[in-house]
Amino acid sequence: MVYKNIFLDTNVLVDIVANRKPFAESSIAIFDYCQHNKINTYSTSHSIGTLHYIVKKMVNEVELRSIIEDLLDTILIIPVTEEILRKSLKSNHKDFEDAIQIISAQSISDMDCIVTRDLKDYKNAEIKIFTPNEFLNALH
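Counting from 1, position 75 in the sequence shown corresponds to residue 75 in full-length UniProt numbering; the numbering is continuous, with no gaps.
Structure representation (structure tokens):
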């Protein structure tokens, strides 16, 4: 399959920015592949805030803000709107934060998949879900 639009979950972004081992290698490979092959890479405004909150304990503030600035130059951000929040609250997904991610990804009409390490909370998503390693394997 040719992928044109993929959604990166917060944990994948954290792996990339914090270089979190052993997960960073596959997440960085996906990010690089998407940039090189002009695949639209999405995440949410909510993910960026969560990313900052998690990674600020590992990276100094000035460097982290610069990294996030660069990230914003390379990925597309889906705003978490009131409509997305209400749909997430009414969804059958057990985890509200994951519901926000799923509903946000589904708000893009031709979203191909979500890449996450959190498969259990995404099992009822109406969109294809991959771990980073599964996505890399699907490319070949």
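Note that the Cβ used here is the ideal one computed from N, Cα and C, for glycine as well.
- With fewer than three CB-CB distances shorter than 8 Å, the stretch 92 to 103 does not count as touching the stretch 53 to 64.
- With a contact defined as Cβ atoms closer than 8 Å, isoleucine 75 and serine 43 qualify at about 6 Å.
- As for any alpha helix (DSSP H) of minimum length 4 sitting wholly inside the UniProt domain "PIN" (6 to 119), the runs are 10 to 18, 24 to 36, 45 to 55, 61 to 74, 82 to 90, 96 to 106, ordered along the chain.
- Taking a cut-off of 8 Å on C-beta distances, the stretch 118 to 128 does not touch the stretch 17 to 27, as fewer than three cross pairs fall below it.
- For leucine 136, the enclosing alpha helix (DSSP H) covers residues 132 to 138.
- In this structure, Cys34 is the residue among Ala105, Cys34, Pro22 with its C-alpha nearest to the C-alpha of valine 2.
- When DSSP reads this structure, lysine 128 sits in a beta bridge with Cys113.
- C-alpha of lysine 90 to C-alpha of alanine 99: approximately 9 Å in a straight line.
- Annotated three-state conformation of tyrosine 3 is coil, per DSSP.
- Nearest neighbour of aspartate 32 by Cα position, chosen from Ser45, Val17, Val55, Lys21, turns out to be Val17.
- Between isoleucine 108 and isoleucine 78, the CB-CB gap stays under 9 Å.
- Residue environment analysis places serine 45 among the exposed positions, since fewer than 16 neighbouring C-beta atoms fall within 10 angstroms of its C-beta.
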